[in-house]
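Novice:
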Amino acid sequence: MGGLLLTHGTVANEIKVEHPPYPERGLKRLVKVERLPKTEFAVIEQGGQIWDQNCKICHGTGNFGAPKITGSKFWGPRIEQGLTVLVEHAQNGFLSPSGGNMPARGGNDELTDQEVEAAVRFMVYHSGGQDIAIQDLK
Ligand code: HEC
3 MGGLLLTHGT VANEIKVEHP PYPERGLKRL VKVERLPKTE FAVIEQGGQI WDQNCKICHG
63 TGNFGAPKIT GSKFWGPRIE QGLTVLVEHA QNGFLSPSGG NMPARGGNDE LTDQEVEAAV
123 RFMVYHSGGQ DIAIQDLK
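This note's numbering puts the first residue of the sequence shown at 3, with every later residue one more than the last.
1) Once DSSP output is grouped into helix, strand and coil, what is the label at F43?
2) From R31 to L139, what distance separates their C-alpha atoms?
3) Applying the 10 Å Cβ sphere with the 16-neighbour rule, what's the burial state of E82?
4) With distances taken from CA atoms, which of E47, K58, T41 is nearest K34?
5) Indicate the three-state DSSP secondary structure (helix, strand or coil) for L38 in the structure shown.
6) Quick check on the burial criterion: 16 or more other C-beta atoms within 10 angstroms. Buried or exposed for G102?
7) What did DSSP end up calling L113 once you bin it into helix, strand or coil?
8) First and last residue of the alpha helix (DSSP H) that includes F76?
9) Tell me whether L88 sits in a helix, a strand or coil according to DSSP, three-state version.
10) Going by the CB atoms, is the gap between E117 and I52 shorter than 8 Å?
11) Within its chain, find whatever has a CB closer than 7 Å to the CB of T114; leave out the 5 residues flanking it on each side and keep chain order.
12) Using only alpha-carbon positions, find the residue among G108, A120, V89 that is nearest to N65.
13) One question on the structure: do L148 and V122 come within less than 8 Å of each other, judged by their Cβ atoms?
14) Can you list, in chain order, the residues of its chain whose CB lies under 7 Å from that of S141, leaving out five sequence neighbours each side?
15) Quick one: grab the DSSP three-state call for Q132.
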């Protein structure tokens with residue numbers, strides 16, 4: 003990392019990513035939206051569509067060391083930070099001290115704040131944080 007000292011939560015706005023290829027071992031490892039249980043929450047369902055197109059490539063596979071959804075083991079400590087922090091990290095990007103790189107908006111500048119938030123709620127919902135995922139939803 004070229005001597006740059008990165009602290010937890012450093013904003014990674016500038017980073018552009020090329021989407022990595024799906025892992026070679028095929029799609030078995032891939033989390034698919036349509037296999038997850040449907041919810042009664044429109045925002046969570048909307049988030050699933052956004053996630054499918056923008057986030058699954060990493061968070062459905064574990065590509066780049068991204069925490070795979072449905073893995074509550076990986077998500078427990080992250081969810082403990084609270085929804086506001088997770089949404090902020092997803093919108094602005096996030097570099098972890100261990101070198102993990104979450105690109106701002108998953109690398110898609112066209113996503114609105116609301117869309118990114120919906121995708122985060124969807125991820126949290128299906129990774130063991132249902133109560134937190136639906137907080138402040140009507
Ligand atoms: C190019 C791969 C990649 C894409 C695409 C991607 N992420 Fe990530 N994301 C990561 C990685 C890697 C981490 C883990 C960073 C770390 O903590 O080491 C991460 C972490 C996160 C976290 C947890 C942050 C925290 O504080 O623990 C959230 C929330 C998140 N991503 C949301 C999203 C959303 C929403 C999308 C789609 C709009 C998305 N990500 C797309 C790679 C990606």
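Backbone N, C-alpha and C fix where the C-beta goes; we use that ideal spot for every residue, glycine too.
Specialist: This is what the structure holds:
1) It is coil, neither helix nor strand.
2) It is roughly 31 Å from the alpha-carbon of R31 to the alpha-carbon of L139.
3) By the neighbour-count rule (16 or more Cβ atoms within 10 Å), E82 is not buried but exposed.
4) Of E47, K58, T41, the residue nearest in Cα terms is K58.
5) Coil, per DSSP.
6) Exposed: under 16 other Cβ atoms inside 10 Å.
7) In this structure, DSSP gives L113 a state outside helix and strand, which the three-state scheme calls coil.
8) From DSSP, the alpha helix (DSSP H) with F76 extends over 74 to 81.
9) When secondary structure is reduced to three states using DSSP, L88 falls in the helix class.
10) Their beta carbons are under 8 Å apart, which means I52 touches E117 by this criterion.
11) Taken in chain order, the list of residues that qualify is empty.
12) Selected option, being the one with the closest Cα: G108.
13) Within the shown structure, residues of the chain are numbered from 3 to 140, placing residue 148 beyond reach of any answer.
14) No statement about residue 141 is possible, as the shown extent of the chain runs from 3 to 140 and does not include it.
15) Helix at Q132.
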